[in-house]
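*Asks:*
Protein chains in written order, with the working numbering: chain B, 1 to 112; chain X, 1001 to 1116.
1) Going along chain X in order, which residues have a C-beta closer than 8 Å to the C-beta of residue 32 of chain B?
2) Please return the same chain residues whose Cβ sits closer than 7 Å to the Cβ of residue 7 of chain B, not counting the five positions on each side in sequence.
3) Less than 8 Å between the C-beta atoms of residue 14 of chain B and residue 111 of chain B, yes or no?
4) At what residues does the beta strand (DSSP E) containing residue 1056 of chain X begin and finish?
5) Show which residues of chain X have a CB atom less than 9 Å away from the CB atom of residue 86 of chain B.
6) Using a cut-off of 9 Å between C-beta atoms, extract the partners of residue 1015 of chain X located in chain B.
7) Which residue from B/9, B/28, B/33, B/40 puts its Cα closest to that of residue 47 of chain B?
8) Starting from residue 1 of chain B, find everything on chain X with Cβ-Cβ shorter than 9 Å and list it in chain order.
9) By the criterion of Cβ-Cβ separation under 9 Å, what are the contact partners of residue 108 of chain B in chain X?
10) Using 8 Å as the limit for Cβ to Cβ distance, is residue 1090 of chain X near chain B?
11) So, do the region 1008–1027 of chain X and the region 1088–1099 of chain X have three or more beta carbon pairs nearer to each other than 8 Å?
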């Protein structure tokens, strides 16, 4: 079955710096890769996703890139702000509307 | 608020007791998912429904767990004879019907279960 590896597990940056979180997946048939942000005591919030027919997607300060050949995808956050501090999860699935397989998460701390 | 709602938000129970959680999905969403999340881990898939049909169950869903979605709207997750290892956050998500957005799963706030 699918396995998703995520790193780093923790990331500390200064306000205004960029942050990059990387994930690799094992199932070459996976075709959907969302990123979620989870704040303390809350459920995961979908922040951006990418499908296998595109290589990059951008939404304001966040972007996701996908390398299907290498089976890895990354989240890029530019101009980080303290409110970006949270746990970020990557996920993957191979068929629309089925189970998402999640990475173990990255705790991002942005200090001002 | 038109998001996914879950009740209760917190549940403390003694080992051996039964517990039931409820999830109300976003109104037009026909798929509903249950996940479990333990401390420091990502959510792990348990089961999902399309309308009232339960289409997939994970091996994590032991025979002490049962999920229902009788009318294709809200869902319940029951855990019988709870064990301390059941302590976790139970997350519900829903996704819209066919189309590009079918993949997108929107999560509720979760129910935190503590088994003493």
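Even glycine gets a Cβ: it sits at the ideal position worked out from N, Cα and C.
*Replies:* This is what the structure holds:
1) 1103
2) 22
3) yes
4) 1053–1057
5) Those within 9 Å of residue 86 of chain B in chain X number zero; the least Cβ separation is about 14 Å.
6) Simply none; closest approach about 25 Å.
7) B/33
8) By Cβ distance, chain X contributes nothing, its closest Cβ being about 10 Å from residue 1 of chain B, past 9 Å.
9) Here the premise fails: no neighbours, minimum Cβ distance about 15 Å.
10) no
11) yes
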